[in-house]
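Inspection log for the structure reproduced underneath, given as structure tokens.
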Amino acid sequence: MFPFKQLHTFGSYLTLMGRSIAVPDRWRMFLKQYVKEMSQLGVDSIGIVLLISFFIGAVICIQIKLNIQSPWMPRWVSGYTTREIMLLEFSSSIMCLILAGKVGSNIASELGTMRVTQQIDALDIMGVNSANYLIAPKVLGLMTLMPFLVVFSDLTGIIGAYATAYIGHILSPDDLTIGLQHSFNPWFVWMSIIKSVVFAFIIASVSSYCGYSVEGGSVEVGKASTAAVVNSSIIILFTDVFLTQLLS
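Counting along the sequence shown from 1, when you hit position 106 you're at 104 in the numbering used here, and nothing is skipped either side.
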């Protein structure tokens, strides 16, 4: 029964996504919701992205300098390694896992509450495509702003690394600058952005499905919120493996 249940869930997910990507009935309302979701899901997440990225960039630089770098290595290794970790994994994959907890639970709880209070049923009765009206703006809004969050994360992580150089005196700023510039590959930035867009779609669509398909009362809303975070995180981890292999 386990495979059949998963296949049924996957089929329901594809059906819901098919309904959500339909042409909006009223473009004015759709654009209004689109701007609203960009603000709630993307702009409101900038603070936590900057805070975490700053300290992670600083910690990575300190750890590399104190535990890995040796007299046998060039002094710019710490800066080079910090840049590669921030670009290749943290700012795209790890940051999206963190946002899956914040944004995913928000989406699932919002739609789940609308389901149990019969607001979604009311939209369907009025002839509104509720999936398109509620889900499409969330998916597109998060996919639009996620690349900007990734760029902000990269820049803030580098600022955190410089903080260790100027304030903590862990290494000299000149060595850090040389390491950040050494063998820079611009494709890594684009790879990080591409991965973040895919992960944004996963977070928004999976969380929307978990919230939209809630059955029961308020207790089920909490379970749907937890399921949204767990399922989004698992799918992101699996997808990260294939995207890294495909884009590298």
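For each residue, glycine too, the CB sits at the ideal point set by N, CA and C.
How close, in whole Å, do the beta carbons of residue i and residue j come, if the pair is a contact with beta carbons under 8 Å?
i, j, result
"residue 174", "residue 159", "6 Å"
"residue 226", "residue 106", "4 Å"
"residue 140", "residue 198", "5 Å"
"residue 209", "residue 109", "3 Å"
"residue 206", "residue 136", "6 Å"
"residue 75", "residue 62", "7 Å"
"residue 237", "residue 196", "6 Å"
"residue 234", "residue 95", "6 Å"
"residue 155", "residue 52", "7 Å"
For the alpha helix (DSSP H) holding residue i, just list the boundary residues, first then last.
i, result
"residue 27", "25 to 35"
"residue 188", "185 to 210"
"residue 69", "Neither: residue 69 is in no alpha helix (DSSP H) and is coded neither H nor E."
"residue 109", "103 to 114"
"residue 53", "44 to 61"
"residue 87", "Here residue 87 belongs to no alpha helix (DSSP H), and DSSP marks it neither H nor E."
"residue 145", "134 to 164"
"residue 225", "216 to 245"
"residue 174", "171 to 179"
"residue 117", "117 to 123"
What's the call for residue i, buried or exposed, on a 16-neighbour Cβ count within 10 Å?
i, result
"residue 69", "exposed"
"residue 79", "buried"
"residue 148", "buried"
"residue 183", "exposed"
"residue 215", "exposed"
"residue 35", "buried"
"residue 232", "exposed"
"residue 71", "exposed"
"residue 30", "exposed"
"residue 229", "buried"
"residue 24", "exposed"
"residue 213", "exposed"
"residue 16", "exposed"
"residue 113", "buried"
"residue 132", "buried"
Using a Cβ-Cβ cut-off of 7 Å (strictly less than) and excluding sequence neighbours within five positions of residue i, which residues of its own chain qualify?
i, result
"residue 138", "32"
"residue 168", "59, 60, 63, 162"
"residue 85", "152, 186, 187, 190"
"residue 123", "none"
"residue 19", "134"
"residue 211", "10"
Flag residue i as yes when its Cβ comes closer than 7 Å to any non-hydrogen atom of the ligand SAM, and as no otherwise.
i, result
"residue 71", "Annotation note on the ligand SAM: not contained in the displayed structure, which lists no ligands."
Go through its chain and collect everything with a Cβ distance to residue i's Cβ below 8 Å, but skip five positions before and after it.
i, result
"residue 180", "74, 77, 78"
"residue 145", "191, 194, 195"
Residues in the same chain with beta-carbon distance under 6 Å from residue i, minus the five sequence neighbours each way, listed in chain order, please.
i, result
"residue 39", "101, 139, 140"
"residue 28", "22"
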